[in-house]
Structures are given as C-alpha cells and as structure tokens.
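*Asks:*
Here it is, written out as structure tokens:
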C-alpha cells in the first residue's frame with residue numbers, strides 16, 4: 206500500500222540523512238538556506254518570508270483542487286480508483302503527478318523548517334509526520350480517500366499548533382506531547398470511520 210511505502214521511504218531518507226551528515230548538526234548555513242526564516246515589516250507587524258510562501262502554496266493548492274479538472278479527478282481517484290479508471294481517468298498518471306507534487310511540498314516544508322531553526326539538524330522533523338497526519342485528519346480529510354481539502358487542513362494545523370503550545374505551557378515533556386497527539390489521531394480516524402459506516 207502507498208501509505209506503507211511512504212513510511213518506508215521516510216525511514217530510508219532519515220537513515221541517508223544521518224549517514225551523509227555523520228549525525229552532526231550543521232550550524233553555519235548559507236543565507237539562501239535560511240532566507241525563509243527572515244522577516245519583513247508590514248504595517249508594523251513582522252512577517253516571515255516562510256509564512257508568505259506557505260500561504261502561496263496553500264492558495265495554489267486550494268485553487269487546483271477546487272477549480273481544475275485535475276483536482277476533481279484526484280478526489281474521484283481517492284474515492285474509488287476503479288470507478289475513476291472506468292470513467293476515463295488515467296489513474297496511474299494522476300497518482301504519479303499527485304505524489305510528485307506532494308514531494309515538492311515536503312521539500313518546501315523542509316526549507317521552511319531550516320529557515321525557522323537556522324541549522325541543518327538530521328534529527329529535525331521526526332515528529333512532524335505525526336503532526337501532519339493529525340492536522341489533516343482533524344481538518345476533515347478522510348484517510349480512506351475522497352473527502353477533504355486544504356482549508357480544513359489549515360484549520361487542523363492551527364488546532365495542532367494551539368494544542369502543542371498549550372501542552373508546552375503546561376510543562377509536559379515532549380514524549381507526553383507525542384502521546385497526546387497520537388491519541389488525537391486515533392480518535393479522529395475512529396470518528397471518520399464511524400461516520401462512513403453511518404453514511405452507508
């Protein structure tokens with residue numbers, strides 16, 4: 206299944222990162238690597254270039270999913286790949302495009318993380334996969350396919366951020382935060398599965 210292959214590839218990428226960096230944090234990065242962590246002033250408010258890029262990616266993705274044939278085909282394949290194929294959609298080609306675009310957004314996210322931290326850390330982002338899944342599911346996207354959108358995912362990401370900050374202010378250790386995030390994922394997926402059964 207694609208989900209398992211993705212997790213396997215994630216572990217391979219982490220291993221390569223550790224080998225290539227010799228498990229050392231790179232503190233001195235060139236300015237172009239940390240550019241997205243820089244800020245500019247707009248009406249007296251400091252805004253990072255990374256935030257602008259994130260909103261731009263969000264807007265483009267929202268438009269593509271809502272107003273293009275490719276976006277509608279992606280929903281159709283997610284809902285029922287075989288039915289989509291029978292209706293004339295080139296499923297394998299579409300999946301290749303979707304996974305490629307997803308890989309591009311992962312690269313952008315990595316640049317944003319480097320810009321925010323200012324260092325190249327091989328251990329960075331090891332819990333972001335769980336946070337990402339939590340944000341997507343809390344935002345109303347079904348892991349079973351065919352339902353969801355970037356607006357809900359944005360709301361889900363804000364919810365995860367608020368929860369993370371709240372747990373941090375409560376003084377909980379990082380592993381406890383991961384535990385609670387995992388519980389949220391299980392609850393959200395359970396609710397999603399229950400709602401699909403009710404609809405049937």
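In my numbering, the protein residues as written are 206 to 405.
From the three backbone atoms N, C-alpha and C, an ideal C-beta is built for every residue, glycine too.
Every value quoted in this text rests on a predicted model; they were computed, and no experiment measured them.
Would residue 340 and residue 365 be called neighbours here (beta carbons separated by less than 8 Å)?
*Replies:* yes
*Asks:* Could you tell me which uninterrupted beta strand (DSSP E) segments, each at least 3 residues in length, are contained entirely in the stretch 213 to 290, listed from first to last along the chain?
*Replies:* 244 to 247, 250 to 253
*Asks:* Given residue 223, which residues of its chain have a CB within under 7 Å of its CB, disregarding the five upstream and five downstream residues?
*Replies:* 327
*Asks:* Mapping the DSSP letters down to three states, classify residue 325 as helix, strand or coil.
*Replies:* strand
*Asks:* Mapping DSSP to helix, strand and coil, what is residue 331?
*Replies:* coil
*Asks:* Taking its Cβ as the centre, do 16 or more other Cβ atoms sit within 10 Å of residue 319, making it buried, or is it exposed?
*Replies:* buried
*Asks:* For the alpha helix (DSSP H) containing residue 363, list its first residue and its last residue.
*Replies:* 355 to 374
*Asks:* Threshold first: 4 residues or longer. Then list the alpha helix (DSSP H) segments lying entirely within the stretch 296 to 322, N to C.
*Replies:* The stretch 296 to 322 contains, as complete alpha helix (DSSP H) runs of 4+ residues, the segments 296 to 322 (chain order).
*Asks:* What does a CB cutoff of less than 7 Å around residue 370 pick up in its chain, not counting 5 residues either side in sequence?
*Replies:* none
*Asks:* Are the beta-carbon atoms of residue 359 and residue 263 separated by less than 8 Å?
*Replies:* Contact annotation: residue 359 and residue 263 have beta-carbon atoms nearer than 8 Å.
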